[in-house]
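Undergrad: Residue numbers for the sequence shown follow full-length UniProt numbering, beginning at 1 and rising by one.
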Amino acid sequence: MTMGSTSANGDGLAGELSYLLTLSRPRFWLYLAGPVLVGVAYAASSVDDLFAPAAVALFAYFLVPANVFLYGINDVYDREIDVANPKKDEKETRYRGQRFVPAAVVGCVLLGLALVPFLSRAAWPWLTVFLVLGAAYSAPPVRFKTTPILDSVSNGLYIAPGAAAYAAVAGAQPPLLAVLGGWLWAMGMHTFSAIPDIDPDRETGIRTTATVLGESRTYAYCGACWFASALAFAALDVRLGALMLVYPTLIAALVTSSVAVDRAYWWFPAINTVVGALLTMGGLWRLV
């Protein structure tokens, strides 16, 4: 493969776009775009608010461009590590130095910044949180993903799209307990997703929360994060807390079963989609 305009999936622009689509992890698109729907549903005071230009623009940005940014910068700086990562042989793609990938990442950052003039000031900090933590997680010199605990804490960036959408529509900040609950959920989700990478990360000398704790204690850490998340949401509404208890329950079920974590890992996009849909419907119920 050359490092110019040729991608793994073909030549020219069509091949590059196909590669970027795979790089953006379509299976996980709703991890960023889904929180936008939740944020808008709870911020809206009328049906018209659901289709406010800012809400539509944020959903479109976090559906694809934000994922190209987040996973593109990850793949660029994980190029050597990913040689030993089995996930890259199955449902993902390896970065091999194609020059259009860093260019696409920068373009997606600029696209996000281009939204600023069209958003209320209350949303600006959350867009900043997403872009700063998204870069700092993978890129030197900080590279949070190689610092145990900080790798987990920094993944609160996944709730930034929802907080930005809430702020853009409501013109005010989301409830603190919702931010805390969402942040704790994201910490648990990130660390759980790192469990299948424990062996390849250890082989390449990468230290993460999961490699330091080991598989069994990482389960306990994820369960604790998710239980604390459920408590925070319950303080807002007991029904929200009850819904979020699905995550520590799943951890308990997984630990006591014979299901391999690298298999269970691929169930979570569907599980998260269902939970997100129920959260969104709960917000929409106020309007009907």
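Ideal placement from N, C-alpha and C gives every residue a C-beta, glycine not left out.
If you're wondering where the values come from, they're calculated on a predicted model, not measured in any experiment.
May I have the straight-line CA-CA distance separating A252 from L150, to the nearest angstrom?
TA: For A252 and L150, the distance between alpha carbons rounds to 25 Å.
Undergrad: Does the pairing of the region 51-60 with the region 167-175 give three or more beta-carbon distances under 8 Å?
TA: In short, these stretches touch, since the Cβ pair count reaches three.
Undergrad: Tell me, to the nearest whole angstrom, how far the beta carbon of Q173 is from that of A232; I am working on the premise that it is less than 8 Å.
TA: Between A232 and Q173 the Cβ distance is about 16 Å, and since that is not below 8 Å, they are no contact.
Undergrad: DSSP three-state label for T209, please.
TA: In the structure shown, T209 sits in a helix (DSSP, three-state: H, G or I).
Undergrad: For A8, which three-state DSSP category applies?
TA: Note on A8: pLDDT 46, under 50, position unreliable in the model; no value is reported.
Undergrad: Using the three-state DSSP reduction, which class does M3 fall into: helix, strand or coil?
TA: At M3, the pLDDT of 36 sits below 50, so the modelled position is not reliable and the matter cannot be decided from this model.
Undergrad: Measuring CA to CA, which of G223, V259, L236 and S258 is closest to V246?
TA: With distances taken between Cα atoms, V246 lies closest to G223.
Undergrad: Distance, Cα to Cα, V106 vs T22?
TA: The alpha-carbon atoms of V106 and T22 are separated by roughly 18 Å.
Undergrad: Let me check understanding here. Comparing Cα to Cα, which of L115, G72, W183 and M281 lies closest to A139?
TA: Selected option, being the one with the closest Cα: G72.
Undergrad: By the 10 Å Cβ neighbour count, where 16 or more other Cβ atoms means buried, how is M244 classified, buried or exposed?
TA: Result: buried.
Undergrad: Out of curiosity, what's the CA-to-CA distance linking G282 and A41?
TA: G282 and A41: Cα-Cα distance of roughly 8 Å.
Undergrad: Got a sec? Which residues, its chain only, sit under 8 Å from Y61 by beta carbon, not counting five neighbours each side?
TA: Closer than 8 Å at Cβ, skipping near neighbours: L111, G112 and L115.
Undergrad: DSSP on V275, reduced to helix/strand/coil?
TA: It is helical.
Undergrad: For D78, does the count of other Cβ atoms within 10 angstroms reach 16, so buried, or fall short, so exposed?
TA: D78 is buried by the Cβ-count criterion.
Undergrad: Along the alpha helix (DSSP H) that carries I251, what are the first and last residues, could you check?
TA: I251 -> alpha helix (DSSP H) spans V246 to V255.
Undergrad: Candidates Y137, V76 and L32: which alpha carbon is nearest P65's?
TA: Cα-wise, what sits closest to P65 is L32.
Undergrad: Where does G282 sit, in a helix, a strand or coil, going by DSSP?
TA: The answer is helix: DSSP assigns G282 an H, G or I state.
Undergrad: Where does A260 sit, in a helix, a strand or coil, going by DSSP?
TA: Correct three-state label for A260: coil.
Undergrad: With C-beta atoms as the reference, is A104 less than 8 Å away from L127?
TA: No, Cβ-Cβ distance for A104 and L127 is not below 8 Å.
Undergrad: For R25, count neighbouring C-beta atoms within 10 Å of its own C-beta (all shown protein chains included) and say buried if the count is 16 or more, exposed if not.
TA: Buried, by the Cβ-count rule.
Undergrad: I'd like to know whether the C-beta atoms of V129 and A160 end up nearer to each other than 8 Å.
TA: Yes; because the gap between Cβ atoms is below 8 Å, this pair is in contact.
Undergrad: Quick check: what's the CA-CA separation for R207 versus S154?
TA: Going by the C-alpha atoms only, they are around 15 Å apart.
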